[in-house]
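Which chain is which? The protein sequence lines are A and B, in order.
The first sequence begins at 30 in this note's numbering and counts up one residue at a time.
The second sequence begins at 30 in this note's numbering and counts up one residue at a time.
All C-beta atoms in this analysis are idealised placements derived from N, C-alpha and C, irrespective of residue type, glycine included.
Computed from a prediction, not measured in an experiment: that's the story for all the values here.
Worksheet: one structure, shown below.
Protein chains: 2
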Amino acid sequence: MTIEQANHEAVRRILAGDPVLVDVIPASDAIPDLSDRTILHAGPPIGWDRMCGPLRGAVTGIAVFEGWAEDLDDAASKAAGGSFTFHPNHHFGAVGPMTGMTTRSQPLMVVENKAFGNRAYCAINEGLGKVMRFGGNDAEVLDRLSWIRESLGPALGRAIRESGGISLKPLIARGLTMGDEMHQRNVACSSLLLRQLAPLLARTSKDAGELVACLDFIGRNDQFFLNVAMAMGKALTDPARDIDGSCVVTAMCRNGTDFGIRVSGTGDRWFTAPVEMPAGIYFPGFSEKDANPDMGDSAIVETIGLGAFAMAAAPAVVGYIGAGRASEAAAFTRSMTEITAGPNPAWVIPAMDFAGVPTGIDIRLVVETGLAPIINTGIAHREPGVGQVGAGIVKAPLKCFQDALVTFAETMGVE
Amino acid sequence: MTIEQANHEAVRRILAGDPVLVDVIPASDAIPDLSDRTILHAGPPIGWDRMCGPLRGAVTGIAVFEGWAEDLDDAASKAAGGSFTFHPNHHFGAVGPMTGMTTRSQPLMVVENKAFGNRAYCAINEGLGKVMRFGGNDAEVLDRLSWIRESLGPALGRAIRESGGISLKPLIARGLTMGDEMHQRNVACSSLLLRQLAPLLARTSKDAGELVACLDFIGRNDQFFLNVAMAMGKALTDPARDIDGSCVVTAMCRNGTDFGIRVSGTGDRWFTAPVEMPAGIYFPGFSEKDANPDMGDSAIVETIGLGAFAMAAAPAVVGYIGAGRASEAAAFTRSMTEITAGPNPAWVIPAMDFAGVPTGIDIRLVVETGLAPIINTGIAHREPGVGQVGAGIVKAPLKCFQDALVTFAETMGVE
């Protein structure tokens, strides 16, 4: 099989995927290997010593939440003392936005790729502002996580099971006609999903007050769908892994210190480089000096042609992330066609006369053109416990792709 | 006051409006003058003898629904015999899509313009396909109207009152960033509205089964918001009526036979001309020969700069209505800037770098340029009882504007 054939097969598998939101279940059920005192995080592997501020903030918060520490200080010393085991979400079929905390008791959304039978997982989006994914860890943050675990997660699970599964491919197709790029703008898909879920939540509700709270919580969160899109991205890319001779990217992610990518033909190996600082717009009272470098598994959506790759569908997001004039949105999407295998005919952009989103990042094209994949991202405060301070655009470091290409060439017998 | 000053005042009033969805109440409460056996219809005044097929279909259906006739045949002979009184919705502060039936027992949505204190009314959208607004009148159609009267209307009224009022100006602003033009595409605003309504419906629900049915019904209807947008359009334009010396259009509507407009400086007078046939796309199994000429009060949304005037915000709708390439959407909006007083700074279009929608049709500019206002519209079957057969684009007849300009000139002392 030539490289072209192998890449064609990788992209074929991504495009052939049929992702369906099928359930919400505790992480311990979803991932039986997820043992006690194990903390999954966003990005490539990293130890406590190299973790950035918000990641440390989230780790200490989730340790308290799981009852593994008395308080944040206790959690920090336990973390430093080696009491917790850290692994990337990606090693367990999961993804998580920003800090990306995944632990045993959290409810995870389950996306099943019906075409290939694999499943992927992501926690439920906590809302905006001071939240754990941006490093928040105070009582308000932990109380919200408890409510998600006790009330929202089980309610969503009942509703989604009642639906028989919510097909995500047509939902994304629709969201692309409604200004979403599914990374920094999910207002359409969040709304469309709630339209489907609301009668199901009502039908399966066990408590009227809880129903109101669930509808209200989802309804107030324009980014609710992000975590669904991420689980979908993981479910779509996993079947494209481990194809000999393919140099298509199967994952991009960041832990706030390192950016990492995986490439189909080089298997589970991570190619990493120091993560870059997003260029963006800050919320009032914050500036670049407050910002942490880029983080999160959310770049899985760019890996499947959404996010910054689908910018042409979402002119309004260009201003939100400070990336230029709204009318220039299409230029971002066009530039990503230069480093991708081809368009996705199922996910098209009306303003580009229904051209498909550019899909399947080819590391050869990245290295040849010097065009780094672009990613729309939220910006966390560099200190633990603060939360989101802005949103922007970031480039994947070229070094990841250069290193991957060297290793890929070696696997192909090219020295 | 010069014409420019008068037009400036008319547009100022339209832009200063603050439309809020405040309630759903029976038409008999909303419009105390709406007497028994009176049927309000879309468009300018018309008698039974000149009514088109779908309008007759709706009239006979609503007469049976109200208990004024035994069956459709009985209703038709009573209508022909003068048993019913017909008036335009516009004469009673109301608007209605397509056939636009408004009678005493129907629940009406109430939009209050908080800046001016006036109220406007529109019935609740029935959904798609075979529905009364497209001339449907069988048992399925009437049963649905009964359910709307008995269940959905009161439930929506409770939810909206609980909200304290749902502000529509920011909702429209958001919808314009999500691909809606609020005439043939309302999927974003329908979804955003349901997000707000769902917890309120749950909180005020008196019956779990009814709650599920209401959430399901609204959730399945991408055009649910159209009727809200129409009541909003009426609420925004009414304060701009009757300004001496203003030649800004305050209403455009059609009854399937005549197109009619009202102009601020010429008061309540209608200027009419034969309505045109939409050019569009037909549902499978139907063609132009099935189509009825254009109808409905819905062109009130174009009167306030939405619908076809905001086409640039909704590239996906261009294909739906068969108006050309999606990438050409902005050309429609740009052409309408040539016949309007100015942009609406509160309702902007991201893809045009946040230019405001063109607002305030000036009849002088229409006549000078020969550019007729364009309208995005649904297409009804020409026979009673069938329903919607397509969607398209239609031009307002220039004759309405020419005649209005002659009369307007007379009011200004120009012979």
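Kindly list, in the order they appear in chain A, the residues whose Cβ is closer than 8 Å to that of residue i.
| i | result |
| --- | --- |
| S220(B) | A217, S220, L221, L223 and R224 |
| S356(B) | A380, M381 and D382 |
| V241(B) | P228, A231 and R232 |
Over the uninterrupted beta strand (DSSP E) stretch that includes residue i, give me the two end residues.
| i | result |
| --- | --- |
| N405(A) | I403 to A409 |
| P372(B) | T369 to I378 |
| C151(A) | N147 to A152 |
| A104(B) | Looking at the DSSP string, A104(B) is not in any beta strand (DSSP E); the run it does join, the alpha helix (DSSP H), is L101 to A109. |
| A358(B) | Not the beta strand (DSSP E): A358(B) falls in the alpha helix (DSSP H), residues A358 to T366. |
| F300(B) | F300 to P303 |
| T388(B) | A384 to I390 |
Could you check where the alpha helix (DSSP H) with residue i kicks off and where it finishes?
| i | result |
| --- | --- |
| R232(A) | V216 to T233 |
| V277(A) | No alpha helix (DSSP H) holds V277(A); DSSP gives it neither H nor E. |
| E33(A) | I32 to A45 |
| N24(B) | For chain B, the structure presents residues 30 to 444; residue 24(B) sits outside this window and is missing. |
| A59(B) | A56 to A59 |
| L400(B) | Neither: L400(B) is in no alpha helix (DSSP H) and is coded neither H nor E. |
| T67(B) | Run containing T67(B): none in the alpha helix (DSSP H); it sits in the beta strand (DSSP E), T67 to H70. |
| A308(B) | It is not in any alpha helix (DSSP H) - A308(B) instead sits in the beta strand (DSSP E) that spans A308 to Y311. |
| G90(B) | G82 to F94 |
| F246(A) | A237 to G248 |
| T332(A) | I329 to T332 |
| A345(B) | P344 to Y349 |
Across which residues does DSSP place residue i in a beta bridge pair?
| i | result |
| --- | --- |
| N284(B) | M324(B) |
| V292(A) | V278(A) |
| H120(A) | BP columns for H120(A) are empty, so no partner. |
| L137(A) | I54(A) and A152(A) |
| T114(A) | T67(A) |
| P48(A) | N142(A) |
| D131(A) | It is worth fixing the name first, because residue 131(A) is Thr in this sequence and not Asp. In DSSP, T131(A) forms a bridge with L69(A). |
With distances taken between CB atoms, is the gap from residue i to residue j smaller than 7 Å?
| i | j | result |
| --- | --- | --- |
| G336(B) | E155(B) | no |
| H212(B) | N405(B) | yes |
| M340(B) | T362(B) | yes |
| A355(A) | P379(B) | yes |
| G296(B) | D271(B) | yes |
| P307(B) | V395(B) | no |
| G82(A) | P413(A) | yes |
| M207(A) | G90(A) | no |
| V415(A) | A264(A) | no |
| G334(A) | P374(A) | no |
| A56(B) | R133(B) | yes |
| G351(A) | G309(A) | yes |
| P126(B) | P74(B) | no |
| A401(A) | A425(A) | yes |
| P268(B) | F145(B) | yes |
| A260(B) | A149(B) | yes |
| V216(B) | G262(B) | no |
| V53(A) | L185(A) | yes |
| L434(A) | I392(A) | yes |
| L69(B) | F121(B) | yes |
Mind listing the chain B neighbours of residue i? Cutoff is C-beta to C-beta under 7 Å, in chain order.
| i | result |
| --- | --- |
| L244(A) | A227, P228 and A231 |
| P344(A) | P379 and A380 |
| A360(A) | What A360(A) touches in chain B: nothing, since even the nearest Cβ is about 13 Å away. |
Using the beta-carbon of each residue, which ones in chain A are nearer than 7 Å to residue i?
| i | result |
| --- | --- |
| M207(B) | M207, G208, V216 and A217 |
| A258(B) | Correct list: empty, because the minimum Cβ distance to chain A is about 16 Å. |
| A375(B) | The premise fails here: A375(B) is roughly 15 Å from chain A at the closest Cβ pair, so nothing lies under 7 Å. |
| A168(B) | Ordered by position in chain A, no residue passes the 7 Å Cβ test against A168(B), which lies about 24 Å from the chain. |
Using the beta-carbon of each residue, which ones in chain B are nearer than 8 Å to residue i?
| i | result |
| --- | --- |
| G248(A) | R224, Q225, A227 and P228 |
| G109(A) | The residue you asked about is not Gly; residue 109(A) is Ala in the sequence shown. What A109(A) touches in chain B: nothing, since even the nearest Cβ is about 43 Å away. |
Applying a beta-carbon distance threshold of less than 7 Å, which residues of chain D neighbour residue i?
| i | result |
| --- | --- |
| A184(A) | As a matter of chain content, chain D is missing from the structure shown, whose protein chains are A and B. |
Under 9 Å Cβ-Cβ, which residues of chain B neighbour residue i?
| i | result |
| --- | --- |
| A188(A) | Within chain B, no residue comes near A188(A); the closest Cβ sits about 11 Å away, beyond 9 Å. |
| A264(A) | Within 9 Å Cβ-Cβ: nothing; A264(A) doesn't reach chain B, min ~24 Å. |
Whole alpha helix (DSSP H) elements within the segment 406-442 of chain B, 4-residue minimum = You should have 427-440.
Length-filtered (3 minimum) beta strand (DSSP E) runs lying within the segment 146-203 of chain B = Taken in chain order, the unbroken stretches of beta strand (DSSP E) that lie wholly in the segment 146-203 of chain B and span 3 residues or more are 147-152.
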